[in-house]
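Residue numbers (UniProt numbering): 1 to 227.
Here is the structure:
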């Protein structure tokens, strides 16, 4: 599955072979860090690390093309220090932590990284539809381990797959009632108005859908998240 992830990042300065190689490095890192007792799937965990490795490589390629040599040296030192710290503390290091290894302030580290931005801001995504940016990867001072994010992504995938086993109406009623993929949940009356159904009929559809989910093979996997 490294190849399928890598293909999404073609055309950004690296060959597909190089992108796959970077993705494989991320896969190795994921394999070393994976803890099956956390309750999420390895593939979800691995994809997170594969993407981070690829994005970092693309960012480095962008810097090497556009930066003067003295800046490249500074950025390279920061990157190496960040990688070393990450291996030691097993999380993305903060700017001031990186700076302490290089006799630089946290602000100096961030300023150096900001100087290396692409034509668009470092806060901009590398690719349309992609949320991660270089600053997200290297300097986010609020960054936590990816486990919570991965758990939510994995749960969303399981819920979506379970809902696909229902009829269109049952699935839509549950999505409306529980506020799935929408701004807020809806009441039975509000759903009834959408479908031109009585409140009681909507309740029956909802209960039938929930009952079907409970008897599906998906129910066991969903209980991992819902308790």
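Heads up, the beta-carbon is just placed ideally off N, CA and C, and yes, glycines get one too.
Q) With residue 102 and residue 77 assumed to form a contact (beta carbons below 8 Å), what rounded beta-carbon distance in angstroms separates them? A) For the purposes of this step, residue 102 is identified with residue 102 of the chain shown, where counting begins at 1. For the purposes of this step, residue 77 is identified with residue 77 of the chain shown, where counting begins at 1. So it is a contact: roughly 6 Å between Cβ atoms.
Q | 9 Å Cβ cutoff met for residue 2 and residue 26 | A | The sequence position of residue 2 within the chain shown is 2, counting from 1. The sequence position of residue 26 within the chain shown is 26, counting from 1. Yes.
(Q) Need the endpoints of the alpha helix (DSSP H) that residue 177 sits in, please. (A) Start at 1 with the first residue of the chain shown, and residue 177 comes out as number 177. Unbroken alpha helix (DSSP H) run through residue 177: 168 to 178.
Q.
Residues in the same chain with beta-carbon distance under 7 Å from residue 108, minus the five sequence neighbours each way, listed in chain order, please.
A. Working through the chain shown from its first residue, we reach residue 108 at position 108. Correct list, in chain order: 99.
(Q) Is it buried or exposed, residue 80, if we count other Cβ atoms within 10 angstroms and call 16 or more buried? (A) Counting from one through the chain shown, the residue named residue 80 turns up at place 80. Burial call: exposed.
Q) Between which two residues does the alpha helix (DSSP H) containing residue 29 stretch? A) Within the chain shown, residue 29 is the residue found at index 29, counting from 1. Per DSSP, residue 29 belongs to the alpha helix (DSSP H) from 16 to 33.
Q.
By alpha-carbon positions, which one of 175, 45, 192, 193 ends up nearest to residue 185?
A. Against the chain shown, residue 185 aligns to sequence position 185. Minimum Cα distance to residue 185 is reached at 175.
Q. Around the C-beta of residue 192, are 16 or more other C-beta atoms found within 10 angstroms, so that it is buried, or is it exposed?
A. Position 192 of the chain shown, counting from 1, holds the residue named residue 192. By the neighbour-count rule (16 or more Cβ atoms within 10 Å), residue 192 is buried.
(Q) I need the DSSP call for residue 8, collapsed to helix, strand or coil. (A) As a working note, residue 8 is residue 8 in the chain shown. Here residue 8 sits in helix by DSSP.
**Q.** Inter-residue CB distance, residue 50 and residue 23 (contact presumed, cutoff 8 Å)
**A.** Position 50 of the chain shown, counted from the start, is the residue given in the question as residue 50. Position 23 of the chain shown, counted from the start, is the residue given in the question as residue 23. Rounded, the Cβ-Cβ distance is 4 Å, consistent with contact.
Q: Assign residue 105 to one of three DSSP states: helix, strand, or coil.
A: Position 105 of the chain shown holds residue 105. Coil, per DSSP.
Q) What's the call for residue 37, buried or exposed, on a 16-neighbour Cβ count within 10 Å? A) Here the question's residue 37 lines up with position 37 in the chain shown. Residue 37 should be labelled exposed.
Q: Determine the DSSP secondary structure at residue 206, reduced to helix, strand or coil.
A: For the purposes of this step, residue 206 is taken as the residue at position 206 of the chain shown. Of the three classes helix, strand and coil, the one that applies to residue 206 here is helix, per DSSP.
Q | 8 Å CB neighbourhood of residue 74 in its chain, flanking five on each side removed | A | Along the chain shown, read from residue 1 onward, the residue named residue 74 stands at position 74. Within the same chain, residue 74 has close Cβ partners 112.
Q) Counting only beta-carbon atoms, is residue 81 nearer than 9 Å to chain C? A) Considering every chain present, this structure includes no chain C. It has just one protein chain.
Q) What is the rounded straight-line gap between the Cα of residue 205 and the Cα of residue 21? A) The sequence position of residue 205 within the chain shown is 205, counting from 1. The sequence position of residue 21 within the chain shown is 21, counting from 1. The alpha-carbon atoms of residue 205 and residue 21 are separated by roughly 49 Å.
Q | residue 80 in three-state terms, based on DSSP | A | On the chain shown, residue 80 is found 80 positions in, with the first residue counted as 1. Looking at residue 80 - three-state DSSP - the assignment turns out to be helix.
Q | Span of the alpha helix (DSSP H) around residue 192 | A | Reading the chain shown from its first residue, position 192 is the one you call residue 192. Its alpha helix (DSSP H) spans residues 188 to 195.
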